[in-house]
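Here the structure comes first, spelled out in structure tokens, and everything after it is commentary.
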Amino acid sequence: MTRSIDDKIPICENFYRHTCGKFHFENPSNPNQLINYKTRLDDGLEKEIHDLLTAPSTQPSFSLQFSKGLFNQCSDFSLRESIGAEPLLSLLRNLPCGPLFPGCNGFNEKAFSWERSSGMMDLYAGNLNIIVFDKDTNSQNPQEIILSFKAPDFSMLLDDSKMRIESLQPQSASEFQALLSVQLKGTIINSTITELFGFRWDKNQQGQLEEMIQLLVNLDEVRNLYYFAFNIQ
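Quick note on numbering: the sequence shown equals residues 295 to 527 in the numbering used here.
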């Protein structure tokens with residue numbers, strides 16, 4: 295070890311170079327041959343996961359069976375191209391029947407409950423669910439836990455539109471909301487969404503579209519007031 299010490303470098307300036315300086319000088323490293331251990335770990339992990347998801351198994355657990363199915367569907371490009379959006383449409387058909395999906399059969403307006411429908415779709419909607427239940431402390435009795443409603447978070451849906459509108463520097467909140475409505479309308483009726491669901495908006499659906507957009511804008515305003523009232527960043 296003493297043969298590796300470089301006395302020209304003070305020990306307090308760089309302990310490692312002081313201790314191993316001569317060794318590195320006599321044995322220079324080739325940058326093209328440096329070992330990237332993280333890359334090796336990443337490659338090894340990727341190979342292990344690939345082997346696990348492709349190897350045959352006699353009695354796979356539900357989680358492994360589900361993971362294998364998901365992996366095969368993602369990696370089989372020809373299958374993905376042939377089935378298109380059918381898996382998504384099939385999922386939507388099995389959700390509670392609602393007025394916004396034209397592929398839904400047997401919709402009954404009199405028997406429809408938005409509260410029940412949104413609650414059943416909570417697993418899929420997540421933060422986009424309009425009715426969000428949460429637990430909170432009773433402000434009048436801190437020892438009591440109560441059921442509360444939480445303002446929905448539409449940031450994933452609205453943030454891009456809001457950024458475009460803010461660049462226009464609207465003069466008032468009402469002008470901002472009007473521009474947001476126009477921006478949302480263009481987003482919802484774009485070709486990707488209409489082709490995915492297999493229909494196009496017409497004059498008969500115009501009222502429903504505008505009503506839905508106004509609902510989103512109003513709920514976003516409620517969320518902003520909620521965050522302001524409780525000083526939430």
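Beta carbons: idealized from backbone N, C-alpha and C, even for Gly.
So for residue i, helix, strand or coil by DSSP?
i	result
N435	strand
I377	helix
D430	strand
I303	coil
A405	helix
Q353	coil
In terms of residues, what are the limits of the alpha helix (DSSP H) holding residue i?
i	result
F319	F309 to E320
T481	A467 to I482
N366	F356 to S369
I459	S449 to E460
I'd like the list of long-range same chain contacts for residue i, defined as Cβ closer than 6 Å, with 5 residues on each side in sequence excluded.
i	result
F448	D514
H344	none
Drop a sphere of 10 angstroms on the beta-carbon of residue i, count the other beta-carbons inside from all chains shown, and report buried for 16 or more, exposed for fewer.
i	result
I439	exposed
L452	buried
L382	exposed
I377	exposed
P446	buried
DSSP puts residue i in a beta bridge; with which residues?
i	result
I343	I343 is not bridged to any residue.
I440	D430
Apart from the five residues on each side of it in sequence, which residues of its chain come closer than 7 Å, Cβ to Cβ, to residue i?
i	result
T313	S298 and I299
L478	S455, I507 and L510
If you drop the 5 nearest sequence neighbours on each side, which residues of the same chain put their C-beta closer than 8 Å to that of residue i?
i	result
L473	I459, L462 and P464
T431	E438, I439 and I440
Q471	V511 and E515
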